[in-house]
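K.L.:
Here the sequence shown stands for residues 0 to 515, where the numbers follow numbering that gives the first Met the number 0. Think of the CB as a built atom: it goes at the ideal place given N, C-alpha and C, for glycine as much as any other residue. Because the structure is a prediction, the values reported are computed rather than measured. Please read through the structure below; I'll follow up with questions.
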Amino acid sequence: MKFLLKSMLVLLFVAGTSFYSHAQNYVVKGKVLDTAGLPLPGAVVRIRWSTDSLAMSANSDGGFTFNKVKSPQITLSAAFIGFQPFTKQYNITEGTTFTAPDIKLKLIANTLDQVIISGVPPVRVTEDTVSFNAASFPVREGDAVDEVLKKLPGIKVDKDGNVTNQGTPVTKIRVNGKDFFGTDVATAIKNLPAEIIKNLQFIDDYGDQAKLTGIKTGEPEKILNLTIQEDKKKGYFARASGGVGNSDRYNTSLRANSMKNERMISVDGTVNNANLRGGGGDGITTRNAAGLNYKNEWSEKFSADGGYSFNNTKNNTISSTYTQNFLQNFTRFEDARNDNENSRFSHDFWGNVELEPDSMNYLKISPNFSYNTNEGLYSGFSNILQQELITNRTSGNFTNGANLNARTNVFYNHKLAKKGRNLNFWGSINYSRGDDFRDVSNDYVITEDGIDSLRFQNQLTDQDNQNFSTNAGGSYMEPLWEKTFLEVNYNWSKSATTNIKDTRDVISGNEVFNPD
């Protein structure tokens with residue numbers, strides 16, 4: 000047995016070493032310049048190797064960085080409007096980070112009597128924003144924003160609708176600079192029609208305080224801001240779809256949008272049992288979901304946005320396995336069947352209220368609320384044969400839980416007379432509660448030398464967790480000289496947590512407290 004275990008460990012180590020050597024990642028970076036050495040921001044750079052390729056736009060310095068390149072043999076290409084394209088092969092021979100020689104693009108020389116440029120650049124790069132012109136990436140009539148995103152260099156949209164920009168997740172959607180759909184990026188890009196979009200802007204957002212004061216600290220959040228075409232700010236857009244398949248599969252969805260200048264209302268709903276977004280995984284999943292999102296800007300001084308979503312998923316998974324293990328002195332057989340049913344309900348509400356009575360004062364209040372319940376029922380049976388020992392196991396597991404989360408954030412900024420001098424105040428109140436109940440049972444029938452012995456296990460667990468916390472703070476910013484500020488801040492916080500767990504064993508029909 001020890002010899003077999005050592006052999007297996009050696010094999011696993013060798014296999015692991017081999018896998019690691021084949022999964023080597025490389026980092027490739029460089030700059031795109033013109034022949035005068037000036038950067039070409041927005042130049043499209045592509046890297047290819049034998050099995051895959053990546054693309055991105057050069058930043059404001061003309062720089063680019065590709066992570067997770069899977070091969071040392073690469074081909075780099077760069078293109079920019081009005082310049083000759085560039086393509087060259089490289090071989091990474093040392094280390095895992097390769098800095099390519101500066102890529103210098105040459106102007107396309109044409110002698111014309113007159114040139115009239117009437118187009119719009121497909122990509123614009125500023126300090127914190129990469130903006131794509133939607134018209135430069137045409138899609139089919141009726142397509143949603145997600146189809147445009149799939150065509151943008153450096154942008155990826157996975158099967159669940161999650162968006163990444165150069166590998167960084169996009170966490171929030173804005174429309175004309177205001178939050179919309181909250182953090183539900185996947186629903187937003189499926190709901191909004193591509194035909195109304197003017198620009199798609201990927202922004203490094205440092206928060207409300209940075210937006211008001213111009214001072215950026217910490218790590219930014221990646222935001223997607225969609226600007227609407229002026230002539231499309233009034234109207235109605237709706238799309239309904241449905242389908243049926245074999246094995247009683249079905250899918251229906253409805254998406255509708257109403258727009259009137261800065262007021263937007265979006266409604267969506269779906270019913271399916273086809274394991275679509277929000278209900279993937281093993282087994283058969285039925286999903287019922289609906290959502291309502293609203294935003295309005297009544298004046299330059301007052302605006303609000305918010306949304307509500309409901310989601311219900313039910314999943315049923317049945318699995319059967321047969322396992323045969325060849326050990327040193329005997330063979331072990333196991334035949335198992337498992338049936339798992341899970342149901343989940345969730346309600347989510349979010350909102351923002353922004354008040355800007357004058358150019359010196361700004362107030363934002365952001366409430367959030369979520370409540371979800373889950374229920375699971377598991378049953379399993381297994382038969383294990385090991386030499387003369389037979390074990391029949393019947394197991395069951397019932398779970399029932401609920402979670403509530405409520406949070407309100409408040410932020411206030413006051414600009415003083417001197418430019419750059421600011422007072423900021425913030426605070427939040429948070430409450431969360433989780434209830435979880437479990438009923439676990441295992442029944443064993445063990446047969447050895449023709450004699451049966453019975454073992455029963457049944458345990459009940461009830462757990463209640465609560466947390467209440469508050470925090471508040473303020474800061475004062477004083478400009479010292481250009482791009483240099485002094486900030487003094489104060490933070491206060493308080494929290495209280497309660498955890499109660501009750502475990503009982505069921506013995507002969509009676510519940511006995513289990514101190515462990």
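Taking 8 Å as the cut-off, decide whether the C-beta atoms of P40 and N66 are in contact.
P.N.:
no
K.L.:
What ranges does the alpha helix (DSSP H) occupy inside the segment 152-233, keeping only unbroken runs of at least 4 residues that lie completely in it?
P.N.:
184-190 and 207-212
K.L.:
Grouping DSSP H, G and I as helix and E and B as strand, with all else coil, what is V138?
P.N.:
Coil, per DSSP.
K.L.:
Just the Cα atoms here: how many angstroms apart are F201 and D127?
P.N.:
8 Å
K.L.:
Relative to the alpha-carbon of A143, which residue among R238, T92, K294 and D101 has its alpha-carbon at the smallest distance?
P.N.:
R238
K.L.:
Can you look up D127 in the DSSP assignment and give me helix, strand or coil?
P.N.:
coil
K.L.:
Cβ atoms of K294 and V129: under 8 Å apart, would you say?
P.N.:
Not closer than 8 Å, so no.
K.L.:
Which of helix, strand or coil does DSSP assign to A405?
P.N.:
strand
K.L.:
Please list the terminal residues of the continuous alpha helix (DSSP H) segment that includes D357.
P.N.:
It is not in any alpha helix (DSSP H) - D357 instead sits in the beta strand (DSSP E) that spans T330 to D357.
K.L.:
Should A288 be labelled buried (16 or more other beta-carbon atoms within 10 Å of its own) or exposed?
P.N.:
buried
K.L.:
Here's the rule I'm using: 16 or more other beta-carbon atoms within 10 Å means buried, otherwise exposed. How should F131 be labelled?
P.N.:
Buried: at least 16 other Cβ atoms inside 10 Å.
K.L.:
What ranges does the beta strand (DSSP E) occupy inside the segment 37-72, keeping only unbroken runs of at least 3 residues that lie completely in it?
P.N.:
43-47, 52-56 and 62-68
K.L.:
Helix, strand or coil: how does DSSP classify L106 here?
P.N.:
strand
K.L.:
Which residues in the same chain have their Cβ closer than 6 Å to the Cβ of P219, if we skip the five residues on either side of it in sequence?
P.N.:
D203, D204 and Y205
K.L.:
Tell me whether Y489 is buried or exposed, calling it buried when 16 or more other Cβ atoms sit within 10 Å of its Cβ.
P.N.:
With fewer than 16 other CB atoms across the displayed protein chains lying within 10 angstroms of its CB, Y489 is exposed.
K.L.:
Between which two residues does the alpha helix (DSSP H) carrying L415 extend?
P.N.:
Unbroken run through L415: none, as it is neither H nor E.
K.L.:
Under the rule that 16 or more other beta-carbon atoms within 10 Å means buried, what is I499, buried or exposed?
P.N.:
exposed
K.L.:
List the DSSP bridge partners of E374.
P.N.:
S342 and N399
K.L.:
Figure out for me which residue from E333, Q83 and F179 has the closest Cα to the Cα of I107.
P.N.:
Restricting attention to E333, Q83 and F179, the CA atom closest to the CA of I107 is found in Q83.
K.L.:
Taking C-alpha atoms, which residue in K171, I195, Q385 and P192 lies nearest to V184?
P.N.:
Sorting K171, I195, Q385 and P192 by C-alpha distance to the C-alpha of V184 places K171 at the top.
K.L.:
Count the C-beta pairs between the segment 463-481 and the segment 410-425 that are closer than 8 Å, then say yes if the count reaches three, no if not.
P.N.:
yes
K.L.:
Between the segment 307-324 and the segment 335-351, do at least 3 Cβ pairs fall closer than 8 Å?
P.N.:
yes
K.L.:
Is there contact between the segment 297-311 and the segment 349-362, where contact requires at least three CB pairs shorter than 8 Å?
P.N.:
yes
K.L.:
Among R123, E261 and L211, which one has its Cα closest to the Cα of N520?
P.N.:
Absent from the model: residue 520. The displayed extent of the chain is 0 to 515, so no value can be given.
K.L.:
So within the segment 256-290, which uninterrupted beta strand (DSSP E) runs reach at least 3 residues, ignoring any that extend past its ends?
P.N.:
262-271
K.L.:
Around the Cβ of L191, are there at least 16 other Cβ atoms within 10 angstroms (buried) or fewer (exposed)?
P.N.:
buried
K.L.:
Using the three-state DSSP reduction, which class does D247 fall into: helix, strand or coil?
P.N.:
coil
K.L.:
When DSSP labels each residue in this structure, what does L32 get in the three-state scheme?
P.N.:
strand
K.L.:
Does DSSP put A99 in a helix, in a strand, or in coil?
P.N.:
Coil.
K.L.:
For the beta strand (DSSP E) containing D304, name the first residue and the last one.
P.N.:
F301 to F325
K.L.:
Would you call the segment 325-335 and the segment 361-378 in contact, with 3 or more CB pairs under 8 Å?
P.N.:
These segments do not touch.
K.L.:
Going straight from the alpha carbon of V511 to that of I389, what length do you get?
P.N.:
V511 and I389: Cα-Cα distance of roughly 30 Å.
K.L.:
Among the residues of its own chain, which have a CB less than 6 Å from the CB of F436, if the five just before and after it don't count?
P.N.:
N399 and D461
K.L.:
If you compare alpha carbons, which of K28, I73 and T92 is closest to F63?
P.N.:
K28
K.L.:
Where does S20 fall in DSSP's three states?
P.N.:
Since pLDDT at S20 reaches only 39, below the 50 mark, its modelled position is unreliable, and no value is offered.
K.L.:
Pull up the distance between the alpha-carbon of I283 and that of R432, whole angstroms please.
P.N.:
30 Å
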